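One structure is given here, and the rest of the page talks about it.
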Amino acid sequence: MTTTTERQLTIIEAAAILGVATSTAHTWATSGRLPGTRTDEGWRVPEAAVRAVAGRLVPLAHAVPSTGVRQARVEVQAEPLPSQLGVLAGRDVLHEFVPLSFSQCLVCWGFRDDPRHPLIGGPVVGR
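Next comes the structure, spelled out in structure tokens:
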């Protein structure tokens, strides 16, 4: 009966396969996330275990950024609104005494050239 020994990787080799820092791979080995064994030469991790963990990792290019990162990207992409529009509620400007944004206002949809239009010269909160 022939026994095959599984190839044992060092922490540096495991980190290269996983695409993580050496310190991260070492932490995973010591915490049990990678089934490693401590030897006189350092930690040794079975190659099959490293490949299994690598298959479960989400590449950073496909990872979903945190809410703060997404919000920062939205703020960078949003064009600035002129300051004369009035009080901003998010990205909408509210009419005076009317709790509607311009995107919901019928006057704003149909009569943009009307001098009574809140954006052009009518009453706007903050004026």
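The working numbering puts the sequence shown at residues -9 to 117. C-beta: ideal position from N, C-alpha, C; glycine also. In this text the structure is predicted, and so the values were computed from the model without any measurement.
Can you have a look at G26 and say buried or exposed, based on whether 16 or more other CB atoms are within 10 angstroms of its CB?
buried
Expected contact under 8 angstroms - CB spacing of T(-5) and R34 to nearest Å:
T(-5) to R34, Cβ: 12 angstroms. No contact.
For V10 versus L24, is the C-beta spacing smaller than 8 angstroms?
Not a contact, by the Cβ cut-off of 8 angstroms.
Is it buried or exposed for A15, if we count other Cβ within 10 angstroms and need 16 for buried?
buried
Considering only their Cβ atoms, is the gap separating A5 from T12 smaller than 8 angstroms?
Taking the C-beta atoms as reference points, A5 is found nearer than 8 angstroms to T12.
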